[in-house]
Ligand SMILES: C[S@@+](CC[C@H](N)C(=O)[O-])C[C@H]1O[C@@H](n2cnc3c(N)ncnc32)[C@H](O)[C@@H]1O
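Residue numbers (the UniProt record's numbering): 1 to 432.
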């Protein structure tokens, strides 16, 4: 299917066509949803269609294995992938309560417009009508979507089958909107009608348009998953301390560190992502020195503390980015793991003697967390763990392991889960 253009009032056709484009890009392994969107895939749509296309694509990718299971009895053999994706999108829409006749018409129209797909319009019509007869009850009977084997295998090895099943149940539900307050979190929770989480983040189950929420324009808060908000709290800079946020953009942690009164240097390789960080600083009225560059080339040292939120597999964020398991296969993870180790070594060289390093990743893989810390301790005699930095409000003792804090999506499952994260606090040798 080709990229979307917005015609006049079209009954959701432009949004669906765009959603199919995003899904095709992701399942073919070409681009994540976020990459397609950042590269302008939805630019020609109206804001409402853009939001709808993104929601349809995200939900279809989140429910992909469930849709495939539902479709399977009606397909003697698999049609081409573009048709398969149209069936998947239609199945998810019907499964989530959309009126079947509208969905069937839309999908038949879309498929009949493509040269290579038009001969399948009869199949699409027949199959989606059958799903329509079953309705959302039929969809709900399908099992919770499982992670693909390339990722499930290592996770089962690390955390056990039961835990992985619990993570999958949370992934299937999607994610609420979490917020970090610039000032008094309890007062802001009341103002927003949000839940105040035990760790101090705020949570809204149904948020709507983020920028329309109270306090957004005045910069009273920013969006940040509750798990992601723990790393800066573990670093806990004192006012006036010099802190390097080594992989800073788009800046959720920079804002926290600046709000705590630290003198923050926010470094990142990506100028585009730093643009978002600058906007966030401006909106919240917080200050930081912003530097574009490769962390491994950054030479100005003497920092009291460093936060290293290293580039990683992002496997902890699947409930927010359900395309990841379908668009990736783990091939690039080895290079990321090597980069993380290099970054830890480089960061230690930029600290004052006795300075603190918080290393964190939004990964569920121990190779990007526990193992990195174990190996860094072996490489650097004199480097020590500071487990007490992790004993923070709302953090349960059993979440803290020998190498650091392990947060997983299945923790707080009844509250809506949290992103997977690993966070360790290290202190460098006090000898220069
Ligand atoms: C996990 S994200 C950081 C999220 C950020 N700390 C926050 O809280 O908003 C990792 C970041 O590392 C940056 N990055 C990747 N390679 C880098 C490098 N060699 N030097 C500096 N930054 C790098 C990416 O551009 C990305 O913004």
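Glycine is no exception: its CB is placed at the ideal position from the N, C-alpha and C atoms.
- Per the coordinates, the alpha-carbon of residue 376 lies some 22 Å from the alpha-carbon of residue 300.
- The beta-carbon distance between residue 253 and residue 304, rounded to whole angstroms, is 16 Å. This is too long to meet the 8 Å contact definition.
- Here the alpha carbons of residue 415 and residue 240 stand approximately 36 Å from one another.
- Inter-residue distance for residue 410 and residue 104 is about 36 Å (C-alpha atoms, whole angstroms).
- For ligand 1, no non-hydrogen atom lies closer than 8 Å to the CB of residue 16.
- Unbroken alpha helix (DSSP H) runs of no fewer than 4 residues, entirely contained in the region 30-56, are found at 33-38, following chain order.
- Contact between the region 166-173 and the region 312-323 is established, with three or more Cβ pairs separated by less than 8 Å.
- Counting only residues of its own chain and dropping the five nearest sequence neighbours on each side, residue 384 has a CB closer than 6 Å to the CB of 427.
- Burial is judged here by how many other beta carbons sit within 10 angstroms of a residue's own beta carbon; residue 182 has at least 16 and is buried.
- Residue 307 and residue 257 have their C-alpha atoms some 9 Å from each other.
- Sequence-distant Cβ neighbours of residue 111 in its own chain, meaning closer than 7 Å and more than five residues away, are 83, 86, 117, 118, 120, 121, 124.
- With a threshold of 16 other beta carbon atoms within 10 Å, residue 29 falls short and is exposed.
- Looking at 277, 350, 284, the one whose alpha-carbon comes closest to that of residue 296 is 350.
- The residue from 199, 65, 192 with its alpha-carbon nearest to that of residue 146 is 65.
- If you check the C-beta of residue 118 against ligand 1, you find no heavy atom less than 8 Å away.
- In the DSSP assignment, residue 425 forms a beta bridge with 358.
- Non-local C-beta neighbours of residue 347 in its own chain, meaning closer than 7 Å and more than five positions away in sequence, comprise 246, 306, 308, 357, ordered along the chain.
- According to the DSSP assignment, residue 152 belongs to the alpha helix (DSSP H) that extends over 149-159.
- Within the region 81-156, complete alpha helix (DSSP H) segments of at least 4 residues are found at 81-95, 100-113, 121-140, given in chain order.
- In its own chain, leaving out the 5 sequence neighbours on each side, no residue places its CB closer than 6 Å to the CB of residue 35.
- Contact holds between the region 363-372 and the region 325-342, because three or more Cβ pairs, one in each stretch, are under 8 Å apart.
- Under the three-state reduction of DSSP output, residue 353 falls in the strand class.
- Of all alpha-carbon atoms in 19, 408, 361, the one lying nearest the alpha-carbon of residue 425 is that of 361.
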